[in-house]
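Participant: Before anything else, here's the structure in question.
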Amino acid sequence: MNGNVGFTIKPINKITYTGTGSLDYSMGKITFYVTALTGSQSLYINSTDRFTFKNLDSVSSSYGKGRIKVDFPSVNTGFDYYMNDKNNLSLNIAYKPIRQDIDLTSQADLLKNNEIEHVLKTETNNFTKSDEVTVSLFHKKSFKKPVQELTTELTYYTFHSHQDNDFENTRLLFGTNEKINTYSRLEDDINDRNYLSAKINYVQPLGMNTKIESGYQLYYQEMDYDFVINDFNAGNLFEYKELRNSAYSGITFNFKKIGFQTVLRVENSHINSDSVSDPDYMSFLPSANLQYKFSNSHNIKFTYNRRINRPGIYDMNPNEKIGQNYDISVGNADLKPEYRDRLQLTYTWNFGSNYFSPNIYYEFLNDKVARKFEVTTSPVNGAVTSFTKPYNMLSGNEYGGGLNAMLWFVNINARIFKGYFKEYTENSVTILPERDYFRGVLPAMLMHRSTKQRKQLLLLFFLTMA
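Each residue of the sequence shown is one higher than the one before, starting from 90 at the first, in the numbering used here.
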């Protein structure tokens, strides 16, 4: 039997404490374990927002201060069972409850023709309680051949959250205490989600240098989201179900200095949800990489892959939601998945405990989701406000380079890239003009590595962006 406990505290600036503990118990071929963590963090926040409506020559500029407190305990338990030299069985159960409390006081200056006309003062309270449970059963069977194996995994996940919100808006004539109107609301956000995933994967070696891999996954998820407020007519219920079948097959070659791998994954998704007009779609996701080793320290690798980013479940909710600032948002049940095709060339140099790995890439993207803003009239007070809805508006390309390196005391993960979005039109009307974008990111970490006499010490972290 082995166990340990630990405790850390950060008393200033983002006050945080964490406590950890673990226990292992071995009994013949089976080992039971349990780990636990408890933690809490308190933050003070400053919020600043600015919205400009050019066609109306009006501006909303808001600012405020508040506090966030988060409690995040978790428990993880299970066992590892070494049945024999060919079979292993593992069970893992994880439970993660989270409690979050937010208080925020803010003020918005509402400008017309560059002059403040009204002031909007807001008091906001938000309390979120969530519980998350994951149960995973994993089995691995080995064969006589070294690489040959069969793995199966069954996972069940369930999540429940309940969010209580309340706020009060008071609109005043600028420079006076004269109230124009008030708007207060109590909200309940109830979110239930669960999914079941079953995977099976098989690896078959062909000689000493080649292997074939194949697998299948069944994925089913359900979600119920209910947004209820003290104005009954403004509540909504959104139900979402998805069944996904996917299969893949690939082959890997390794010949002295050259390695090659290619995989094709095919996915079929069926969605049963409110207002979805096209519930079925098929995705083909190929990938390939070719690597050449100059020596044990130097290699170069070329990769291609196609990725899919599915729209968020909340972005597909067709029910309107009126926000705290009278703004209106709605989802789009007809959103399509986003696809990205990426070509990348990477060079890696390993020397001692250091490495230096620059890369360049070119990427095509299609149907990226973005939100369309329109000006409308608020049903709450009749004032001008914004209406937002997501669409598959963005398609284009992106290219750039990066550097991943660990050079003695400095860990670098830098990236610089430039991209282009095509023009997006609706009914021959330009909604989003074509545009270029550019960004550079240079995060670095300076550290002192562990020795027998001295533990690892983090000295400096910095990040720059353009």
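C-beta: ideal position from N, C-alpha, C; glycine also.
Among the residues of its own chain, which have a CB less than 6 Å from the CB of residue 400, if the five just before and after it don't count?
Facilitator: Taking the first residue of the sequence shown as 1, we reach residue 400 at position 311. Cβ within range, chain order: 424 and 458.
Participant: In the DSSP assignment, what residue or residues form a beta bridge with residue 158?
Facilitator: Taking the sequence shown and counting its residues from 1, the one referred to as residue 158 is at position 69. The partner list for residue 158 (beta bridge, DSSP) reads 131 and 190.
Participant: Given this structure, state the Cα-to-Cα distance separating residue 295 from residue 289, to the nearest angstrom.
Facilitator: Start at 1 with the first residue of the sequence shown, and residue 295 comes out as number 206. Start at 1 with the first residue of the sequence shown, and residue 289 comes out as number 200. Their Cα atoms are separated by approximately 20 Å.
Participant: In or out: residue 527 buried (at least 16 other Cβ within 10 Å) or exposed?
Facilitator: One-based indexing of the sequence shown puts residue 527 at position 438. By the neighbour-count rule (16 or more Cβ atoms within 10 Å), residue 527 is not buried but exposed.
Participant: So for residue 90, helix, strand or coil by DSSP?
Facilitator: Here residue 90 corresponds to residue number 1 of the sequence shown, with the count starting at 1. Reduced to three states, the DSSP call for residue 90 is coil.
Participant: Would DSSP call residue 363 helix, strand or coil?
Facilitator: Along the sequence shown, read from residue 1 onward, the residue named residue 363 stands at position 274. Three-state result, residue 363: coil.
Participant: Identify which residue in 445, 491 and 417 has its Cα closest to the Cα of residue 467.
Facilitator: As a first step, residue 467 must be located in the sequence shown, where it is residue number 378. Ranking 445, 491 and 417 by Cα distance to residue 467 puts 417 first.
Participant: Measure from the alpha carbon of residue 499 to the alpha carbon of each residue in 275, 443, 292 and 307, then state which is nearest.
Facilitator: Taking the sequence shown and counting its residues from 1, the one referred to as residue 499 is at position 410. Here the closest residue by C-alpha is 443.
Participant: Return the Cβ separation of residue 154 and residue 134 in integer angstroms, given the expectation that the two are a contact with Cβ distance under 8 Å.
Facilitator: Here residue 154 refers to the residue found at position 65 of the sequence shown. Here residue 134 refers to the residue found at position 45 of the sequence shown. Indeed, because the Cβ distance is near 7 Å, the residues count as touching under 8 Å.
Participant: Over the uninterrupted beta strand (DSSP E) stretch that includes residue 419, give me the two end residues.
Facilitator: Walking along the sequence shown from the start, residue 419 turns up at place 330. Looking at the DSSP string, residue 419 is not in any beta strand (DSSP E), and its letter there is neither H nor E.
Participant: One question on the structure: do residue 390 and residue 408 come within less than 9 Å of each other, judged by their Cβ atoms?
Facilitator: Sequence index remark: in the sequence shown, residue 390 carries index 301 (1-based). Sequence index remark: in the sequence shown, residue 408 carries index 319 (1-based). No, they are not a contact pair.
Participant: So residue 306 and residue 287 are supposed to be a Cβ contact under 8 Å. How far apart are they, rounded?
Facilitator: For the purposes of this step, residue 306 is taken as the residue at position 217 of the sequence shown. For the purposes of this step, residue 287 is taken as the residue at position 198 of the sequence shown. About 7 Å separates the two Cβ atoms, so the contact holds.
Participant: Determine the burial state of residue 93: buried for a count of at least 16 other Cβ atoms within 10 Å of its Cβ, exposed for fewer.
Facilitator: For the purposes of this step, residue 93 is identified with residue 4 of the sequence shown, where counting begins at 1. Residue 93 should be labelled exposed.
Participant: Let me confirm a value: residue 117 is counted as buried when at least 16 other C-beta atoms fall within 10 Å, else exposed. Which label applies?
Facilitator: Mapped onto the sequence shown, residue 117 falls at position 28. Flag for residue 117 reads exposed.
Participant: Sort 383, 292, 184 and 334 by Cα distance to residue 222 and report the nearest one.
Facilitator: If you number the sequence shown from 1, residue 222 lands on position 133. The option with the nearest alpha carbon to residue 222 is 184.
Participant: With distance defined between alpha-carbon atoms, name the residue in 106, 520 and 461 nearest to residue 478.
Facilitator: Sequence index remark: in the sequence shown, residue 478 carries index 389 (1-based). When each option's Cα is compared against that of residue 478, the closest is 461.
Participant: Leaving aside the five residues before and after residue 512 along the sequence, list all residues of the same chain whose C-beta is less than 8 Å from its C-beta, in chain order.
Facilitator: Working through the sequence shown from its first residue, we reach residue 512 at position 423. Cβ within range, chain order: 519, 521, 522 and 523.
Participant: Closer than 6 Å by C-beta to residue 315: which residues in its own chain qualify, once you throw out the five before and the five after it? Chain order, please.
Facilitator: The count along the sequence shown starts at 1 and reaches residue 315 at position 226. Counting only Cβ-Cβ distances below 6 Å, and skipping sequence neighbours, we find 279 and 326.
Participant: Use the C-beta contact count for residue 271: other C-beta atoms within 10 angstroms, 16 or more gives buried, fewer gives exposed.
Facilitator: Position 182 of the sequence shown, counted from the first residue, corresponds to residue 271. So residue 271 counts as exposed.
Participant: What is the DSSP secondary structure of residue 113, counted as helix, strand or coil?
Facilitator: Your numbering for residue 113 matches position 24 in the sequence shown. Residue state, collapsed to three classes: strand.
Participant: How close, in whole Å, do the beta carbons of residue 346 and residue 300 come, if the pair is a contact with beta carbons under 8 Å?
Facilitator: In the sequence shown, counting from the first residue as 1, residue 346 sits at position 257. In the sequence shown, counting from the first residue as 1, residue 300 sits at position 211. Actually they do not touch by this definition, with Cβ atoms about 18 Å apart.
Participant: What did DSSP end up calling residue 495 once you bin it into helix, strand or coil?
Facilitator: By 1-based counting over the sequence shown, the position of residue 495 is 406. Strand, per DSSP.
Participant: Counting only the same chain and skipping the five closest in sequence on each side, list residues whose C-beta sits under 7 Å from that of residue 319.
Facilitator: On the sequence shown, residue 319 is found 230 positions in, with the first residue counted as 1. Contacts found: 274 and 275.
Participant: Roughly how many angstroms lie between the CA atoms of residue 131 and residue 218, to the nearest whole one?
Facilitator: Counting from 1 along the sequence shown, the entry for residue 131 is found at position 42. Counting from 1 along the sequence shown, the entry for residue 218 is found at position 129. Computed Cα separation, rounded: 16 Å.
Participant: Is it buried or exposed for residue 371, if we count other Cβ within 10 angstroms and need 16 for buried?
Facilitator: In the sequence shown, residue 371 corresponds to position 282, counting from 1. That one is exposed.
Participant: Could you check if residue 544 is buried or exposed, using at least 16 other CB atoms within 10 Å of its CB as the buried criterion?
Facilitator: Start at 1 with the first residue of the sequence shown, and residue 544 comes out as number 455. In this predicted model, residue 544 has a pLDDT of only 45, less than 50, meaning its place in the structure is not dependable; the value taken from the coordinates is given anyway. Under this definition residue 544 is an exposed residue.
Participant: Would you give the residue range spanned by the beta strand (DSSP E) that residue 392 belongs to?
Facilitator: For the purposes of this step, residue 392 is taken as the residue at position 303 of the sequence shown. Start and end: 387 to 398.
Participant: Quick check on this structure: which residue in 337, 330 and 398 has the alpha carbon closest to the alpha carbon of residue 368?
Facilitator: In the sequence shown, the residue the question calls residue 368 occupies position 279. For the residues 337, 330 and 398, the minimum Cα distance to residue 368 belongs to 330.
Participant: Name the residue from 99, 198, 387 and 414 whose alpha carbon lies nearest to the alpha carbon of residue 446.
Facilitator: As a first step, residue 446 must be located in the sequence shown, where it is residue number 357. Of the listed residues, the one whose Cα sits closest to residue 446 is 387.
Participant: Among 257, 189, 98 and 395, which one has its Cα closest to the Cα of residue 213?
Facilitator: Here residue 213 corresponds to residue number 124 of the sequence shown, with the count starting at 1. Looking at the Cα atoms, 257 is the closest of the given residues.
Participant: Distance, Cα to Cα, residue 357 vs residue 373?
Facilitator: As a first step, residue 357 must be located in the sequence shown, where it is residue number 268. As a first step, residue 373 must be located in the sequence shown, where it is residue number 284. Whole-angstrom Cα-Cα distance: 9 Å.
Participant: Excluding the 5 residues preceding and the 5 following residue 112 in the sequence, name in chain order all residues of the same chain whose CB lies nearer than 6 Å to its CB.
Facilitator: Mapped onto the sequence shown, residue 112 falls at position 23. Cβ neighbours of residue 112 beyond the five flanking positions: 92 and 123.
Participant: Please report the distance separating the alpha-carbon of residue 195 from that of residue 159.
Facilitator: Within the sequence shown, residue 195 is the residue found at index 106, counting from 1. Within the sequence shown, residue 159 is the residue found at index 70, counting from 1. In a straight line, the C-alpha of residue 195 is about 21 Å away from that of residue 159.
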